[in-house]
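Under the numbering used here, the first residue of the sequence shown is numbered 31, with each subsequent residue one higher. Worksheet: one structure, shown below.
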Amino acid sequence: HGTFALHVVPAGIFYAEKRCVIGNGVVIDPAVLLGEIESLQSRGVSTTKLKVSDRAHVIMPWHPLIDRADEALRGPLAIGTTGRGVGPAFTDKVGRSGIRMADLLDAVSFPERLRRVLAYKNTLLERLYGIPPLDFDTDPRQYREFGERLAPFVTDTSVLVQEALDRGEEVLLEGAQGALLDVDFGTYEYVTSSVPSSSAAGAALGVGIGPNEIRRVVGIYKAYNTRVGNGPMPTELLDEMGARLRNTGERPEYGTTTGRPRRCGWFDAVAARYTARLNGVTSAVVTRLDVLDAFPTVQICTAYQADGAELRSFPASARVLARCTPVYEEHPGWQTPTSGVRRFADLPRAAQSFVRRIEELLGAPVDLVSVGPERDQAIQVRPIF
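Shown next as structure tokens:
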């Protein structure tokens with residue numbers, strides 16, 4: 031079907047026989063969701079098996095305004111958000127002033143609920159941010175239309191998923207955030223506002239099933255580190271080497287949502303081991319190994335140095351992490367193209383050794399290695415499921 035940049039619809043949508051669910055843990059911009067649905071349909075991808083949780087919260091027009099205004103007020107302390115309103119939508123969710131998908135479908139009570147919430151938000155926009163108030167007369171009509179168009183997709187997805195599990199079906203939960211963006215265990219305050227958390231444990235709550243239903247956890251790691259937005263990143267390369275990592279490969283490292291260049295650096299085993307432990311990773315995937323093909327040597331950070339001491343565990347304080355310098359382990363490069371390789375045993379010996387070393391440092395088996403963006407460029411080391 032070609033290349034798609036999906037922000038809301040699950041990647042499983044390209045398998046016509048699979049049912050796809052957007053869970054209650056997601057905040058949804060109805061215009062974005064409808065745009066993705068229409069784009070998929072126009073290119074021959076069926077969306078009939080897509081379902082959206084009636085408990086998922088909605089990104090409303092004031093959320094992007096607050097997001098961008100808040101970033102401007104923070105000045106040098108700005109988080110580096112996408113500006114799409116995700117954080118403020120989660121703030122409203124926790125603050126009990128959010129609007130959910132179920133509200134959009136309630137034609138009777140929605141206008142009054144919107145009136146009350148919008149009056150509160152307009153006060154905030156005017157008095158705190160100096161932004162002109164939003165027009166109540168326009169939004170109800172627009173969002174009623176959103177509700178009508180999305181109604182066929184909206185249901186209690188927690189029941190749908192649980193029934194599938196009870197029938198013995200396999201269910202794959204796809205997380206949207208990296209573990210170091212977790213609000214509790216990430217590089218706070220440079221983290222996502224997503225609730226539940228960006229972890230395997232949070233995934234169960236985010237779709238509405240019991241935590242004991244999760245049997246296996248797959249951790250996805252690039253062969254090097256990347257980050258979009260602000261926040262400490264000990265292995266970041268600010269020189270020509272970082273630019274090479276960013277721009278090598280078929281898909282250069284630029285943010286899907288914002289188009290911002292991703293910050294790049296060598297593989298950080300301290301952070302990787304930390305996230306593997308937090309998530310109970312049972313199987314790891316190393317992606318974009320082909321990006322390292324041309325490098326004469328490759329590095330793995332195995333510890334940090336900070337304030338005269340060596341750290342092998344990930345610090346809680348972003349201030350401490352910002353003072354950390356990486357302790358590197360150097361490995362020989364393979365300087366051989368790998369994008370055409372389809373068996374792990376056929377990878378250059380140095381590439382195999384690099385992956386095996388990552389496996390040792392993670393404490394979890396690497397079961398899949400990718401050497402390009404296509405499906406047939408995923409090399410199965412051993413069965414992942």
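C-beta atoms are modelled at their ideal positions from N, C-alpha and C, and glycine is treated no differently. If you're wondering where the values come from, they're calculated on a predicted model, not measured in any experiment.
Going by DSSP, name the residue or residues bridged to residue i.
{"i": "N255", "result": "G295"}
{"i": "R130", "result": "H87"}
{"i": "Y284", "result": "P291"}
{"i": "G249", "result": "A314"}
{"i": "A185", "result": "Rather than Ala, the amino acid found at residue 185 in this sequence is Thr. Answer is S83."}
{"i": "E266", "result": "G295"}
Three-state secondary structure (DSSP) at residue i?
{"i": "V124", "result": "helix"}
{"i": "E355", "result": "Checking the sequence shown, residue 355 turns out to be Thr, not Glu. Three-state DSSP puts T355 in a strand."}
{"i": "K48", "result": "coil"}
{"i": "Q410", "result": "strand"}
{"i": "S224", "result": "coil"}
{"i": "K81", "result": "strand"}
{"i": "I423", "result": "The first residue shown for the chain is 31 and the last is 415, placing residue 423 beyond what the model contains."}
{"i": "E175", "result": "helix"}
{"i": "I161", "result": "coil"}
{"i": "A99", "result": "helix"}
{"i": "I119", "result": "This sequence places Ala at residue 119; Ile is not what is there. Reduced to three states, the DSSP call for A119 is helix."}
{"i": "I43", "result": "helix"}
{"i": "R237", "result": "Note on residue identity: the sequence assigns Val, not Arg, to residue 237. Three-state DSSP puts V237 in a helix."}
{"i": "P326", "result": "coil"}
{"i": "V67", "result": "Sequence check: residue 67 is Ile here, not Val. Of the three classes helix, strand and coil, the one that applies to I67 here is helix, per DSSP."}
{"i": "L148", "result": "helix"}
{"i": "L36", "result": "coil"}
{"i": "D196", "result": "helix"}
{"i": "D320", "result": "helix"}
{"i": "L308", "result": "helix"}
{"i": "R73", "result": "coil"}
{"i": "E219", "result": "coil"}
Applying the criterion that 16 or more other CB atoms from any shown protein chain within 10 Å of the CB defines a buried residue, is residue i buried or exposed?
{"i": "R379", "result": "exposed"}
{"i": "G370", "result": "exposed"}
{"i": "T33", "result": "exposed"}
{"i": "D23", "result": "Beyond the ends of the chain as shown, which are 31 and 415, falls residue 23; an answer cannot be given."}
{"i": "R342", "result": "exposed"}
{"i": "S228", "result": "buried"}
{"i": "A13", "result": "Here the chain covers residues 31 to 415 and nothing more, so residue 13 does not appear."}
{"i": "Y284", "result": "exposed"}
{"i": "F415", "result": "exposed"}
{"i": "G393", "result": "exposed"}
{"i": "K151", "result": "buried"}
{"i": "F166", "result": "exposed"}
{"i": "V191", "result": "buried"}
{"i": "A306", "result": "buried"}
{"i": "Y45", "result": "exposed"}
{"i": "A230", "result": "buried"}
With respect to 6 Å, is the separation between the Cβ of residue i and the closest non-hydrogen atom of the ligand ADP below this value?
{"i": "L267", "result": "As presented, the structure is devoid of all ligands, the ligand ADP included, so that no description of it is given."}
Of all the options the options, which has the alpha carbon lying nearest to the alpha carbon of residue i?
{"i": "L211", "options": "L190, V258, G238", "result": "V258"}
{"i": "L144", "options": "L135, E156, R293, I129", "result": "I129"}
{"i": "V248", "options": "V316, V75, R98, A61", "result": "V316"}
{"i": "G338", "options": "F325, P326, P356", "result": "P356"}
{"i": "G402", "options": "D320, D165, L308", "result": "D320"}
{"i": "E178", "options": "I109, L148, T187, P60", "result": "P60"}
{"i": "A137", "options": "K123, E156, H87, Q172", "result": "Q172"}
{"i": "R290", "options": "G238, E204, T112", "result": "T112"}
{"i": "V311", "options": "I67, I250, P326", "result": "I250"}
{"i": "R104", "options": "T185, Y159, G208", "result": "Y159"}
{"i": "Y418", "options": "D323, L308, G393, K81", "result": "The chain is shown only over 31 to 415; residue 418 falls outside these bounds and no answer can be derived."}
{"i": "P162", "options": "S127, I96, H361", "result": "I96"}
{"i": "T187", "options": "A336, S69, A86", "result": "A86"}
{"i": "C354", "options": "L135, F176, D298", "result": "D298"}
{"i": "P118", "options": "V350, P94, K48", "result": "P94"}
{"i": "T265", "options": "A149, Q329, R318", "result": "Q329"}
{"i": "E200", "options": "R245, A209, R73", "result": "R245"}
{"i": "L107", "options": "R386, L275, G261", "result": "G261"}
{"i": "T332", "options": "E360, G216, G110, A314", "result": "E360"}
{"i": "R387", "options": "A346, L308, A302", "result": "A302"}
Checking contacts by CB at 7 Å: is residue i closer than that to chain D?
{"i": "V321", "result": "Within the model displayed, chain D is absent; a lone protein chain is all it includes."}
### Task
Could you tell me which uninterrupted alpha helix (DSSP H) segments, each at least 4 residues in length, are contained entirely in the region 328-408, listed from first to last along the chain?
348-353, 379-392
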